[in-house]
């Protein structure tokens with residue numbers, strides 16, 4: 013009977029981690045689309061010609077299961093996004109500044125998310 017208890021405990025723990033991870037993925041996607049993306053679109057300091065670069069900024073999150081982590085992202089969808097980020101001496105960079113301005117908030121809510129769950 014002792015083996016059954018340990019086995020059940022292990023299964024319960026695995027289910028809990030799976031549930032918590034799914035919740036964190038959802039929270040991360042919401043943060044990417046609801047916070048990072050609007051911030052990047054609002055603070056991009058280039059002059060719009062077509063509006064495609066600004067409209068193409070997208071935020072989200074994905075679970076990288078085989079590596080065991082969640083990737084929260086902000087990205088360009090236009091092919092010239094890298095030029096905006098790296099060209100012109102970084103003058104039009106918006107991705108890293110967006111991450112930098114939110115990293116403490118992200119770390120805080122991730123820590124709180126895991127510590128609040130029982």
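Numbering (the working numbering), first residue to last: 13 to 130. For every residue, glycine included, the Cβ atom is placed at its ideal position computed from N, Cα and C. It should be emphasised that the depicted structure is a prediction, and the values quoted were computed from it without experimental measurement.
Measuring from the CB of residue 86, is there a heavy atom of the ligand GDP at a distance below 6 Å?
-> Although the ligand GDP was asked about, the structure shown includes no ligands whatsoever.
With DSSP run on the structure shown, which of helix, strand or coil describes residue 73?
-> In the displayed model, residue 73 falls within a strand according to three-state DSSP.
CA nearest to the CA of residue 66, picked from 111, 106, 126 | For the residues 111, 106, 126, the minimum Cα distance to residue 66 belongs to 106.
How long is the line joining the alpha carbons of residue 121 and residue 56, rounded to whole angstroms?
-> Approximately 25 Å, taken between the alpha carbons.
Whole-angstrom distance between residue 128 and residue 73, CA atom to CA atom = In this structure, the alpha-carbon of residue 73 lies about 21 Å from that of residue 128.
Closer than 7 Å by C-beta to residue 49: which residues in its own chain qualify, once you throw out the five before and the five after it? Chain order, please.
-> The answer, listed in chain order, is 69, 70, 71, 86.
Whether residue 37 touches residue 82 by CB criterion (7 Å) = In this structure, residue 37 sits near residue 82, with a CB-CB distance shorter than 7 Å.
Below 7 Å between beta carbons: does that hold for residue 96 and residue 40?
-> Their beta carbons are not under 7 Å apart, which means residue 96 does not touch residue 40 by this criterion.
Pull up the distance between the alpha-carbon of residue 54 and that of residue 46, whole angstroms please.
-> Roughly 12 Å between the two C-alpha positions.
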